[in-house]
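Enquirer: I have a structure here, written as C-alpha cells, and I will follow up with some questions on it.
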Amino acid sequence: MGTEIERKFLLQGDAWRSLAPGIRYRQGYLSSAKERTVRIRTAGDAAFLTIKGLATGATRAEYEYAIPLEDGNEMLDTLAEQPLIEKVRYTIAHGNAIWEIDEFLGENQGLVVAEVELSSEDQPFDRPQWLGEEVTGDPRYYNSSLVAHPYNRW
C-alpha cells in the first residue's frame, strides 16, 4: 500500500520566491469525499490520477498513476468538480527535506502553503525561516476542500 506522510504550513514573507522556478498545475476532483479523494492533475506536460484515503494525523493511503496528458485535460474540463484548483508549485530543498510550495491562483488566489513529505510523523526536519503556522490538521487547507470552499470566500 502507498502511504503519504505530509505536514502543511502557511508561509511568512517572500524569501522562498527566489529559490526555485515554478510549474503551473491544474487539478480537479472526480470524488472529494473525505474518506477517499480521486484527483486528476496536470503538471507542465504530464498528467496523473491520484487516489487518497482518509487522513489519520499526517498519514494517509495514496496511489498515483501517470495518465496521458490529453486524457487528463479532458477529464478536468468535462468530469471534475468545479472550480478547478490552479496553482504554481515551487520545489525547494532545505536541510534534509524537499518542500513543495503552492501559490494558488483563480478562486484561491492569495493562499500560499508549504508541504513537506516525511518518512514518519515524528521525523525531524529543519524549519526554513519562511515557514509560518502549521495547518496540517485543518481541513480548510485540503485541496479537495478548496473546491467547495475557495479561499477567496473565507
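Residue numbering for the sequence shown follows the working numbering, starting at 1 and increasing by one per position. Ideal Cβ positions, reconstructed from N, Cα and C, are used throughout, including at glycine. What you are looking at is a predicted structure, and each value in this text was computed from that prediction instead of being measured.
From which residue to which residue does the alpha helix (DSSP H) around Ala148 run?
Expert: Start and end: Asn143 to Ala148.
Enquirer: Leaving out the 5 sequence neighbours to the left and right, which residues in its chain are closer than 6 Å to Lys52 when beta-carbon positions are compared?
Expert: Thr37, Arg60 and Glu62, listed in sequence order.
Enquirer: Does the beta-carbon of Ser144 have 16 or more other beta-carbons within 10 angstroms, so that it is buried, or is it exposed?
Expert: Under this definition Ser144 is a buried residue.
Enquirer: Can you tell me which of the three DSSP states Trp99 falls into?
Expert: Three-state DSSP puts Trp99 in a strand.
Enquirer: Could you give the DSSP three-state label for Glu81: helix, strand or coil?
Expert: Coil at Glu81, not helix or strand.
Enquirer: Assign Pro128 to buried or exposed, taking buried as 16 or more other Cβ atoms, counted over all protein chains shown, within 10 Å of its Cβ.
Expert: Buried, because 16 or more other Cβ atoms sit within 10 Å of the Cβ of Pro128.
Enquirer: So what does DSSP say about Ala15, is it helix, strand or coil?
Expert: Ala15: helix per DSSP, three-state reduction.
Enquirer: Does DSSP put Glu35 in a helix, a strand or coil?
Expert: Three-state DSSP puts Glu35 in coil, outside helix and strand.
Enquirer: Ignore the nearest five residues each way along the sequence and tell me which others in Phe9's own chain have a CB closer than 7 Å to its CB.
Expert: Taken in chain order, the residues that qualify are Val113, Ala114, Leu131, Gly132, Glu133, Glu134 and Val135.
Enquirer: My output table needs one value for Gly72: the three-state DSSP class, helix, strand or coil.
Expert: In the structure shown, Gly72 sits in a helix (DSSP, three-state: H, G or I).
Enquirer: Among the residues of its own chain, which have a CB less than 8 Å from the CB of Arg153, if the five just before and after it don't count?
Expert: The residues are Glu107.
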